[in-house]
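Notes follow once the structure below has been shown.
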Amino acid sequence: MNLEEKLQQLKQAARKSASDAELERQLEYLHRVEARAFVGLPLPAQRVPNGIEAYVDGRVEANGQGEFFVARQALPFGRPYGKLRIGDFSTADLHPLNLFLGNAALPESSRLMFLDTETTGLAGGTGTCAFLIGLGAVEGSQFVVRQYFLRDYPEEKAMLAALAETLENYQGLVTFNGKTFDIPLLETRYAMARMESPFARLLHLDLLHPARRLWKLRLESCALGHLETEVLGIHRQGDVDGSEIPGIYFDYLRTGDPRGLQPVFYHNALDIISLAALTVELAGVIGAYTAGDRDARPVAGSPATSSIDLFSLSRIFERSGAQELSLSTCRQALDAGLPQSIKTQALWQLACQHKRRREHDQAVELWIEVTGREAEFALRAFEELAIYYEHKLRDAKTALQYAERALSGGTFLPESRQHKRFSHRLKRLRKKIVKRGQTLEI
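Following this line, the structure appears as structure tokens:
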């Protein structure tokens, strides 16, 4: 091997991804498990005097697949949680969230399950395992959180069977990024265990996407923890960073010492409770505008009192086909005052809505205002004005003026598609004017 080949080999080794490292760590552990099983030695978690039940309120249960550990805590309805109360999880009207489900509809709250997992890594694929599966649901006058914990890999089938049995009584599922991560991961684990997945029959609302649509313009970050603080007013104490959780679990597997796991259970439980609270809050914000009153406004203190959130809400309504609601909330956002860059987007959206409604006078007024704003939207407004005057009013001269103003702005390169499109329009308009015997103004 020459020097160049050695350097190439070193570069390839340096590029080894984090997912490869995680997979190697898991495979190493599985090899140790297999070796212990072959010689009849106990696994690490079976060798310590105190198990997980000594540090986390739960118990070891068993089913046809073996033993598993489950923790349970019940939160009474009267308990406050940020700006809400736990009882709101039961009484809130969640039907406004059907906007995000197409033709489907969420079941009643007692048939809705909230799910979040803690895993051995974020890489996904067959090398990643969910070692803690948290479920939250309304039961009677409480919100109950159950957490299924994988004390060792051989218990996975028992844990998955317990999860499937619990989900039998529910019709809907709410997650946060679950469609991309949690559910595909769990379905992979069911497939590898040769067990039937319980998720196919459940209606699934992934709250990440609705949350982004409503709050991303104002908050930028829509991580669950950030939304928890900014929207719900929750400030965690004694929590562990999510990036540290896989390492904590692998330390537990290596040593059998469960003392470091308590913050992991706490972190997962808070994620589930916050997921339920954000579901209620999002439904409340949208419901304030979909209750039959076009001019309805959210209650004082609601995050939708932010003009930016109002504009985001108008885009949600537009996407769902609720044009009247979209129009009214967009106007309210503009009346309340928006940052300049967002105001331009709102003016453009409002103009497009008036165009669809064939309210051309209002659209033209808005397009003219947009021509004096950011270049991206100004060019689109010039083009809309040129189209309107050429094809609707048959006024080629005015259309020509708007096309010339767009080209004279110098906001795009001569080789760009926009420049070519406006140049082509300019030539056509000039030909029209000459053909009609009109005089071109220079």
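Terminal number for the sequence shown in numbering that gives the first Met the number 0: 441, no gaps in between. Quick reminder that beta carbons are idealized off the backbone N, C-alpha and C, glycines included.
* For Ala295, does the three-state DSSP call read helix, strand or coil? -> For this step, residue 295 is matched to residue 296 along the sequence shown. Residue placement at Ala295 is flagged as unreliable, the pLDDT there being 45, under the threshold of 50; the coordinate-derived value follows with that caveat. In the structure shown, Ala295 sits in coil (DSSP, three-state: anything other than H, G, I, E or B).
* Asked: Helix or strand or just coil, what does DSSP make of Leu428?
  -> As a position in the sequence shown, residue 428 is number 429, starting the count at 1. Three-state DSSP puts Leu428 in a helix.
* Apart from the five residues on each side of it in sequence, which residues of its chain come closer than 7 Å, Cβ to Cβ, to Lys215? -> As a working mapping, residue 215 is identified with position 216 in the sequence shown. Cβ within range, chain order: Cys221.
* Buried versus exposed, by CB contacts within 10 Å (16 or more), Gly255 -> Position 256 of the sequence shown, counting from 1, holds the residue named residue 255. Buried.
* To do: Quickly, what does DSSP pair Gln141 with across the bridge? List them, please.
  => Within the sequence shown, numbered from 1, the residue matching residue 141 stands at position 142. According to DSSP, residue pairing for Gln141 in a beta bridge involves Pro75 and Glu138.
* To do: Count the other CB atoms, across all protein chains shown, that sit within 10 Å of the CB of Leu392; report buried if there are 16 or more and exposed otherwise.
  => Here the question's residue 392 lines up with position 393 in the sequence shown. So Leu392 ends up on the exposed side.
* To do: Taking 8 Å as the cut-off, decide whether the C-beta atoms of Glu186 and Leu231 are in contact.
  => In the sequence shown, the residue the question calls residue 186 occupies position 187. In the sequence shown, the residue the question calls residue 231 occupies position 232. No, the pair does not count as a contact, with Cβ atoms beyond the cut-off.
* Near Phe88, what residues of its chain come up, given a Cβ to Cβ distance below 7 Å and the 5 sequence neighbours on each side ignored? -> On the sequence shown, position 89 is the one that residue 88 refers to. Result list for Phe88: Ser108, Val137, Phe142, Ala275 and Val279, in chain order.
* Terminal residues of the continuous alpha helix (DSSP H) containing Phe88? -> What you label residue 88 is simply residue 89 of the sequence shown in a count that begins at 1. Segment Asp87 to Thr90, the alpha helix (DSSP H) holding Phe88.
* To do: Could you tell me which of Asp92, Asp240, Tyr248 and Leu213 sits nearest to Ser305, measuring between CA atoms?
  => As a position in the sequence shown, residue 305 is number 306, starting the count at 1. The residue with the shortest Cα to Cα distance from Ser305 is Leu213.
* Asked: In the structure shown, what three-state DSSP assignment does Ile51 receive?
  -> Locating residue 51 in the sequence shown gives position 52, where the first residue counts as 1. Residue state, collapsed to three classes: helix.
* Limits of the alpha helix (DSSP H) - the one that Glu243 falls within -> Locating residue 243 in the sequence shown gives position 244, counting from the first residue. From DSSP, Glu243 is part of no alpha helix (DSSP H); its letter is neither H nor E.
* Asked: In this structure, does DSSP put His423 in helix, strand or coil?
  -> Taking the sequence shown and counting its residues from 1, the one referred to as residue 423 is at position 424. His423 falls in the helix class under three-state DSSP.
* Asked: In or out: Gln339 buried (at least 16 other Cβ within 10 Å) or exposed?
  -> Numbered from its first residue, the sequence shown carries residue 339 at position 340. Exposed, because fewer than 16 other Cβ atoms sit within 10 Å of the Cβ of Gln339.
* Asked: Would a C-beta distance cut-off of 8 Å place Trp347 and Phe310 closer than the cut-off?
  -> Here residue 347 refers to the residue found at position 348 when the sequence shown is read from its first residue. Here residue 310 refers to the residue found at position 311 when the sequence shown is read from its first residue. No, these two residues do not count as a Cβ contact at 8 Å.
* Asked: Rounded to whole angstroms, how far is the Cβ of Leu201 from the Cβ of Gln170, which I believe are closer than 8 Å?
  -> Working through the sequence shown from its first residue, we reach residue 201 at position 202. Working through the sequence shown from its first residue, we reach residue 170 at position 171. Going by Cβ atoms, the distance from Leu201 to Gln170 rounds to 7 Å, so yes, they are a contact pair.
* Can you name, in chain order, every residue of its own chain whose Cβ lies under 8 Å from the Cβ of Gly259, other than the five neighbours on each side? -> Stepping through the sequence shown from its first residue, residue 259 is reached at position 260. Excluding residues within five positions, the ones whose Cβ falls inside 8 Å are Ile247, Asp250 and Tyr251.
* Asked: For Pro302, which three-state DSSP category applies?
  -> In the sequence shown, the residue the question calls residue 302 occupies position 303. Here Pro302 scores only 46 on pLDDT, less than 50, and its place in the model is too uncertain to base an answer on.
* Taking DSSP as the reference, what is the three-state secondary structure of His266? -> Counting from one through the sequence shown, the residue named residue 266 turns up at place 267. Note: His266 maps to helix in three-state DSSP.
* Asked: When DSSP labels each residue in this structure, what does Tyr152 get in the three-state scheme?
  -> One-based indexing of the sequence shown puts residue 152 at position 153. Residue state, collapsed to three classes: helix.
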